[in-house]
Structures are given as C-alpha cells and as structure tokens.
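Structure, as structure tokens:
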Amino acid sequence: MSAERGQSGSRARASVSITSRALWRIRLARELPRYAVLAAAVAGLAASARFAVAPPHATPARSALPALAPRDPAAEGFATLFARRYLSWSASEPLSSSRALERFLGAGLEADAGLTLPQSGEQRVEWAEVVQERSEGVGEHVYTVAAQTDTAGVVYLSLSVAHPSAGALQLAGYPAIVGAPSSAAASPPQHLGEVEEPALATVAQRALRNYLADSPSELAADLTRGARVSPPSLGLSLESVQRLDWGADGRSLLAVVRAADGRGVHYTLAYQLEVVRDQGRWEVAAVQTDPSS
7 MSAERGQSGS RARASVSITS RALWRIRLAR ELPRYAVLAA AVAGLAASAR FAVAPPHATP
67 ARSALPALAP RDPAAEGFAT LFARRYLSWS ASEPLSSSRA LERFLGAGLE ADAGLTLPQS
127 GEQRVEWAEV VQERSEGVGE HVYTVAAQTD TAGVVYLSLS VAHPSAGALQ LAGYPAIVGA
187 PSSAAASPPQ HLGEVEEPAL ATVAQRALRN YLADSPSELA ADLTRGARVS PPSLGLSLES
247 VQRLDWGADG RSLLAVVRAA DGRGVHYTLA YQLEVVRDQG RWEVAAVQTD PSS
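In structure tokens:
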C-alpha cells in the first residue's frame, strides 16, 4: 500500500509542457550554419574577383632623403660665381673683395657677407664647380660648391640660392664651409666569370690595341656593321690585358689593361666592350662609350 502511494506521488510530481514555435524559426535555426558558410564563400569569391580586376597597389614609402631638385643652371652659375668671389681675396686690396661681393648682398646680410680679411696674405680660386644640390622648397636650392684654392686647398662651400619663378636670383642667407660629400671606397664591377674562349680573347685584345692607338682602319676589321667608336686622341700603346671577364649582363666584356702614352706615363684602365657573334665570328659593337649619345 505504501509502495502504491509512493508511485502515485511520483506520478503526480512529473509534468510535461508543450510550447508552440513558428515553423520558420525552426527552419532558420536548422539552416543558419549552412547560410553562414555560403555567405563566407560568396564573400571570398567577390574579393578574389576584385583583386583580379583591380589589384591593390602598394603605397611607396616616403623617403627620408632630401628631395632631388630640378636642375637650375642659372642658380648653379650664381652659386659658383659667389663661391669664387667669396674665396678670392687679397689683404692688400680689401676694397676689391668688397666690390666683388656687393652685387650678391642685401640689407639682410653684413657687408662682405661677414668676411673679415687678415692683415696680410691673399687667396685665389683656381677652379670651382657645383658638386651637390638639394631642394629646400619651391624656388630655393642648396648647393655645395667645391673650390680649389691656392692656399687652403679644396674648400667646400654650401649656400642657399633663391630663384622665384618671376624673380631674380639671390642668396638666402650666409654661406657655410662644410666637408666633402660622402663617398666610399671603390668597388670592382660585377662580372660573371673569366672569358675562356681564345678566339674572343684575341678579338678583344686586338680591338683594344687598335682602339687605344687610334688606328681606325685596323680597328674597323673587328667592328660590327654600324658600330660607332671614339678612340682617344692621346694615343696609347697597349702593354697587357690583365683581366678579361664577362659582364653581369652576359653580353659585354670587362677588360682591365695596362697602357702607356708617348711620354712614358703608364695607366691601368678599364673598358667595357659590347660583343656579338656573327656567323661564328666575334665582333665588337661598342667600346666603353657611344659617341652619338
């Protein structure tokens, strides 16, 4: 009897609930993963098509180096002339130096550009030329002028020259004495290997000998049709070919030679020879430079 009561009590506590849900929600919950996979696939195909039609272009990194300035021959000449006059002076004739600099100066700069001469001595500029330049802004260039002086050696002068589009050339401040532009030790040219074909080596050596000796008729025998060469007028005699290698392009030769002129001066020289093989015979198409370009 007690067992029946326990069973009946358990049955009384058990309950079943029925909840109604919309059919479209059931279908959506079941199909949602498949729709997500299909959407990802469609997005991938669209991205692939976009890259195929209009591939992205990398944005070039902004260089930290100074901008290269378009060449301004007038400003270069102005800078060179100022450097010559600024570095040329004579203590015995101070007024000559002042007059030479007068046209370059204005109210913003001291007389003589702040240059004070010693009690004695003089300096002359033997040559001067622009060796470096950069742009400081629209219409303004900064030049480094190398000037060979007879007392101080080579002096490097940096100065800024303003050249407005519709204005006159003028200094944009005082000059600066600076060091030489940076340089590094020479590096040998890249080559693919030594020339091992005797026939090619013979043609190259003979062409170089006639080229250096300025013997156009003999040189013509080893040239291609239409080859243009400009032999040196100095007139050199070939003593030896120290190296003969293939250039990095695989079409030219790099020759290091020893040569001498009529005065007994000896040189180590390097030449690039463009060579072609025509009907089994090697010919030279160019030697070092193209005189027409």
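Those letters in the sequence shown? Residues 7 to 299, by the numbering used here. Ideal placement from N, C-alpha and C gives every residue a C-beta, glycine not left out. Just so you know, these numbers come straight off a predicted model, no measurement behind them.
Ala226 is classed as exposed because its beta carbon has fewer than 16 other beta carbons within 10 Å across all chains shown.
Annotation for Val160: the continuous beta strand (DSSP E) segment containing it runs Gly159 to Ala168. Following the DSSP letters along the chain, one finds Glu82 inside the alpha helix (DSSP H) bounded by residues Pro79 to Leu93.
Shown here, Leu107 sits in a helix according to DSSP, grouped into three states. Distance between Val293 and Gly253, taken at the CA atoms: about 13 Å. Boundaries of the beta strand (DSSP E) harbouring Gln278: His272 to Asp284, taken from the DSSP string. Taking a cut-off of 8 Å on C-beta distances, the segment 199 to 207 does not touch the segment 146 to 166, as fewer than three cross pairs fall below it. Gln129 is bridged by DSSP to Trp95. In chain order, Glu132, Trp133 and Val160 place their CB closer than 6 Å to the CB of Gln154, counting only its own chain and leaving out the 5 sequence neighbours on each side. Taking 8 Å as the upper bound for CB-CB distance, Tyr277 and Ala266 are not in contact here, some 16 Å apart. Between the segment 234 to 250 and the segment 214 to 223, the count of C-beta pairs closer than 8 Å reaches three or more; the two stretches touch. Counting along the chain, no beta strand (DSSP E) covers Thr122, and no H or E run does either.
Here Glu108 is exposed, its C-beta having fewer than 16 other C-beta atoms within 10 Å. Per DSSP, the continuous alpha helix (DSSP H) segment holding Ser223 begins and ends at Pro222 to Ala226. Approximately 6 Å separates the beta-carbon atoms of Trp95 and Leu123; this is inside 8 Å, confirming the contact.
Judged by DSSP in its simplified three-state form, Ala186 adopts coil rather than helix or strand.
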